[in-house]
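Below is one structure, written out as structure tokens; comments come after it.
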Amino acid sequence: MAGSASTLSFFNSYSLYCNRAFENLRPCSSFEKRFSFTCFSSKKKQLSFMDQILDYIEGGPKLRKWYGAPDLLPKDGNELEEDEAAEEDGVRDAVLVTDGDNEIGQMIILSLIVKRVRVKALVKDKRVAMEAFGTYVESMAGDTTDKTFLKKALRGVRAVICPTEGFLYNIESWKGIQHVILLSQLSVYRDSTGIQAVMNSNARKLAEQDENVVKSSGVPYSIIRTGLLKNAPGGQQGFCFEERRCRCNYS
């Protein structure tokens, strides 16, 4: 299909780390070469892939009916308090995306919506998020260093997906969390030299903190170490990669 496109590009090497609870981190597999994922949009209106998906989601009541989402009615304060208390001890069925503002986070959210997963997302502007995702996403805005806000954000959450650094380090209690997925650019930051190393020093610190916290949390986790992530116009290359196999020992 001709037209504009959005590309998520990965540079340098790509390594996937995973663990089983309380086991040491070991590389499971690694990928070399550059690869990119290209999403083409319609040539007619020149809309990006994300705009088309968001337009589709904003279809309104008919789409909500198709996906079985109920019409949400306002609740008073007492009902909200009862719901929150019940949810703390209830089933954890939500997936929390820690950055719902950047394109990678939004693509993750859209994928979860299609899978009919209950989604919670941290955003800067709840109104904008509501206009984009409607009732499919429970959008939350607040200070991630605030313990009360973090407790509320993690309520009912079974899995956490972090497309950016700087969130996991603030979590004090991992109770009820069953899996954590962290997208890390630590390899890029460590390979930086000169002025680039100075510019990336804060990001490197956050990435190191997040990786260390998740490794010592006792929660099953996956760390995806990419090369440099870049949001840029696509259309030149499709999705392709070369795999280098390695032996994993879980003894």
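Numbering (UniProt numbering), first residue to last: 1 to 251. Think of the CB as a built atom: it goes at the ideal place given N, C-alpha and C, for glycine as much as any other residue.
Taking the alpha-carbon of Ala94 as reference, which of Val117, Gly218 and Val214 has the nearest alpha-carbon? Counted from its first residue, the sequence shown places residue 94 at position 94. For the residues Val117, Gly218 and Val214, the minimum Cα distance to Ala94 belongs to Val117.
Could you tell me which of His179, Asn200 and Leu186 sits nearest to Tyr221, measuring between CA atoms? Stepping through the sequence shown from its first residue, residue 221 is reached at position 221. Here the closest residue by C-alpha is His179.
According to DSSP, simplified to helix, strand and coil, what is Glu138? Mapped onto the sequence shown, residue 138 falls at position 138. Of the three classes helix, strand and coil, the one that applies to Glu138 here is strand, per DSSP.
At what residues does the beta strand (DSSP E) containing Ile161 begin and finish? Position 161 of the sequence shown holds residue 161. Per DSSP, Ile161 belongs to the beta strand (DSSP E) from Val157 to Cys162.
Would you tell me roughly how many angstroms separate the C-alpha atoms of Glu208 and Thr144, rounded to the nearest one? In the sequence shown, the residue the question calls residue 208 occupies position 208. In the sequence shown, the residue the question calls residue 144 occupies position 144. Approximately 18 Å between the Cα atoms of the pair.
Got a sec? Which residues, its chain only, sit under 8 Å from Gln185 by beta carbon, not counting five neighbours each side? Start at 1 with the first residue of the sequence shown, and residue 185 comes out as number 185. Closer than 8 Å at the Cβ level, and outside the excluded window around Gln185, lie Glu165, Ala203, Ala207, Arg225, Thr226, Gly227, Leu228 and Leu229.
Should Lys65 go down as buried or exposed, given a rule of 16 or more other Cβ atoms within 10 Å for buried? For the purposes of this step, residue 65 is identified with residue 65 of the sequence shown, where counting begins at 1. Unreliable positioning characterises Lys65 in this predicted model, as indicated by a pLDDT of 43, which lies under 50. A coordinate reading is not provided.
Ile177 to Asp125, Cα distance in whole Å? By one-based count along the sequence shown, residue 177 stands at place 177. By one-based count along the sequence shown, residue 125 stands at place 125. One C-alpha to the other measures close to 26 Å.
Return the Cβ separation of Ser216 and Trp174 in integer angstroms, given the expectation that the two are a contact with Cβ distance under 8 Å. Working through the sequence shown from its first residue, we reach residue 216 at position 216. Working through the sequence shown from its first residue, we reach residue 174 at position 174. At roughly 10 Å, the Cβ-Cβ gap does not stay under 8 Å, so Ser216 and Trp174 are not in contact.
Could you spell out the range, first to last residue, of the alpha helix (DSSP H) harbouring Ser111? Sequence index remark: in the sequence shown, residue 111 carries index 111 (1-based). It spans Glu103 to Val114 - the alpha helix (DSSP H) in which Ser111 sits, taken as one unbroken run.
What's the C-alpha gap between Leu96 and Ala129? Taking the sequence shown and counting its residues from 1, the one referred to as residue 96 is at position 96. Taking the sequence shown and counting its residues from 1, the one referred to as residue 129 is at position 129. Each residue's Cα considered, the two are about 14 Å apart.
Quick one: residues in its chain with C-beta nearer than 6 Å to the C-beta of Thr98, no 5 flanking neighbours on either side, listed in chain order? If you number the sequence shown from 1, residue 98 lands on position 98. Closer than 6 Å at Cβ, skipping near neighbours: Leu122, Cys162 and Phe167.
Should Ile181 and Ala153 be called a contact, given that it needs their Cβ atoms to be closer than 9 Å? Taking the first residue of the sequence shown as position 1, residue 181 is located at position 181. Taking the first residue of the sequence shown as position 1, residue 153 is located at position 153. Not closer than 9 Å, so no.
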